[in-house]
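Inspection log for the structure reproduced underneath, given as structure tokens.
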Amino acid sequence: MSLIWKPKIPAAFTRSKPKEKKYNFGSGHITDIKVKIVPREQMPWPEADLLLLIELRVLKCSYEECGTHLDRTANACTGAVQTNNLYEAIRKKRKILLEEALDDFKRKNNTAEEAGLRQG
486 MSLIWKPKIP AAFTRSKPKE KKYNFGSGHI TDIKVKIVPR EQMPWPEADL LLLIELRVLK
546 CSYEECGTHL DRTANACTGA VQTNNLYEAI RKKRKILLEE ALDDFKRKNN TAEEAGLRQG
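Mapped onto the working numbering, the consecutive letters of the sequence shown carry residue numbers 486 to 605.
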């Protein structure tokens, strides 16, 4: 028996990379099973539906109410607003609508004063 230890590891490995193993939540073990990913069914948003969605959101309808008018889910409506970046368009139209409502109120208020309905 020799006192000098000689490693028996080869100088160069010829094997390829080991497969990456992933955690399987179903069984609770680490496995190397490939999972087949199936794409979900998508319903594209026509331009008319997007314009209606913008108008409904300008009127402060909830996403659930928008979904019932458009025959879609509330999550689909939020996703359409997010992916098409409709926030700016909704904000601008709300601002215009508010300005029109205030101008209309002032015009009606002035006609009430002229008619003598308002006292003070």
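For glycine and all other residues, C-beta sits at the position ideal for the given N, C-alpha and C.
Runs of the alpha helix (DSSP H) lying entirely within the stretch 549-574, each at least 4 residues long, are 559-568 in chain order. Distance from the CA of V520 to the CA of K507, rounded to the nearest whole angstrom, comes to 10 Å.
Taking the Cα positions, C562 is about 29 Å away from L587. Within the same chain, no residue comes within 7 Å of N560 by CB-CB distance, once the 5 residues on both sides are set aside. In the DSSP annotation of this structure, the continuous segment of the alpha helix (DSSP H) that includes I539 starts and ends at 532-543.
Between the beta-carbon of L538 and that of L555 there is about 7 Å, and that keeps the pair under the 8 Å contact cut.
One Cα belongs to C546, the other to N595, and the distance between them is close to 31 Å.
From the listed residues N570, K580, P524, the smallest Cα separation to L535 is found for N570.
Between A565 and W530, the CB-CB gap stays under 8 Å.
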